[in-house]
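Residue numbers (the numbering used here): 40 to 91.
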């Protein structure tokens, strides 16, 4: 995460990063953005801290 570019999101009022994948919070399955018609997911930093 140290080399990722942090981006401010006006709607959510928080910093985050963009990733091509994310883990579903309940099932822990890896979800790929391209399967949902997106290039990347916006992941808030507080969500990343909870994973670690």
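Yeah, the Cβ is synthetic: ideal placement off N, Cα and C, and Gly gets one too.
- Per DSSP, residue 70 is one residue of the beta strand (DSSP E) stretching across 69 to 71.
- Comparing C-alpha distances from residue 53 to each of 88, 83, 87, 89 shows the shortest one belongs to 83.
- Distance check between residue 44 and each of 55, 51, 50 places 55 closest, using alpha-carbon atoms only.
- In the DSSP assignment, residue 58 falls within the beta strand (DSSP E) that extends over 53 to 58.
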